[in-house]
Amino acid sequence: MVEAGMETSQRIDPRPPPAPHTAWDLVTVPARQGLEAVDILRRGDGDGVGPVLHDDDGDTLGFLVPPGTAAGWDVPGSTCTETNGRGLVLAPEPPAAGTAGAGSVAARAAAGADCTCWLLPPGEADLATDPVVLRRALGEAARMIEAADSCR
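Under the numbering used here, the first residue of the sequence shown is numbered 38, with each subsequent residue one higher.
Below you can see the structure in the form of structure tokens.
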């Protein structure tokens with residue numbers, strides 16, 4: 038019960054957490070364009086971006102999108118791959134200390150370990166990025182990058 042004059046900042050999210058073996062498609066883009074797109078999506082209504090992976094070389098970002106997206110994906114400079122849940126575990130928790138994936142991304146990279154990690158973990162993002170919204174954000178990001186590069 039909330040009394041008059043009292044405010045609460047607790048937000049209840051009725052959506053269930055992502056299932057560990059749910060099928061997703063994965064949109065992969067160059068890191069620079071992907072980071073711009075994440076910023077654009079987060080500046081929007083805040084509900085447009087789902088989990089985002091940062092690859093082991095730091096060259097690309099991967100946006101989880103609903104299954105079936107790959108069939109109609111045609112955004113230049115990006116790819117969309119059907120995963121059918123293969124090899125993609127939505128585990129937002131960091132690896133346990135002493136395991137191959139433990140430590141900071143920089144430390145794992147320096148040691149030559151795989152440092153694919155969550156830029157936006159599943160627990161901190163929507164279940165998946167809306168492909169229509171992602172397409173617009175990637176287009177806007179590409180235009181921003183082109184404009185910035187032409188000023189050099």
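By construction, the Cβ of each residue, glycine as well, lies at the ideal position given by its N, Cα and C atoms.
Non-local C-beta neighbours of residue 166 in its own chain, meaning closer than 6 Å and more than five positions away in sequence, comprise 86, 87, 100, 102, ordered along the chain. By the C-beta density criterion, residue 159 is buried, having at least 16 other C-beta atoms within 10 angstroms. In this chain, the alpha helix (DSSP H) harbouring residue 168 covers 168–187. Here residue 172 is buried: its Cβ has 16 or more other Cβ atoms, across all protein chains shown, within 10 Å. DSSP places residue 106 in the helix class (H, G or I) of the three-state scheme.
Closest in alpha carbon position to residue 157, among 62, 60, 71, 67, is 71.
Rounded to whole angstroms, the gap between the alpha carbons of residue 73 and residue 154 is 18 Å.
Per DSSP, residue 164 lies in no beta strand (DSSP E) segment and is marked neither H nor E. Residue environment for residue 179: buried (at least 16 other C-beta atoms within 10 angstroms of its C-beta). Apart from sequence neighbours up to five positions away, the residues of its chain that approach residue 116 with a beta-carbon distance below 6 Å are 65, ordered along the chain.
Counting every other CB atom within 10 Å of its CB across the protein chains shown gives residue 174 a total of 16 or more, marking it as buried. At least 8 Å separates the beta-carbon of residue 67 from that of residue 93.
Taking residue 119 as the centre and dropping the five residues before and after it, the same chain places the C-beta of 62, 107 closer than 6 Å to its C-beta, in chain order.
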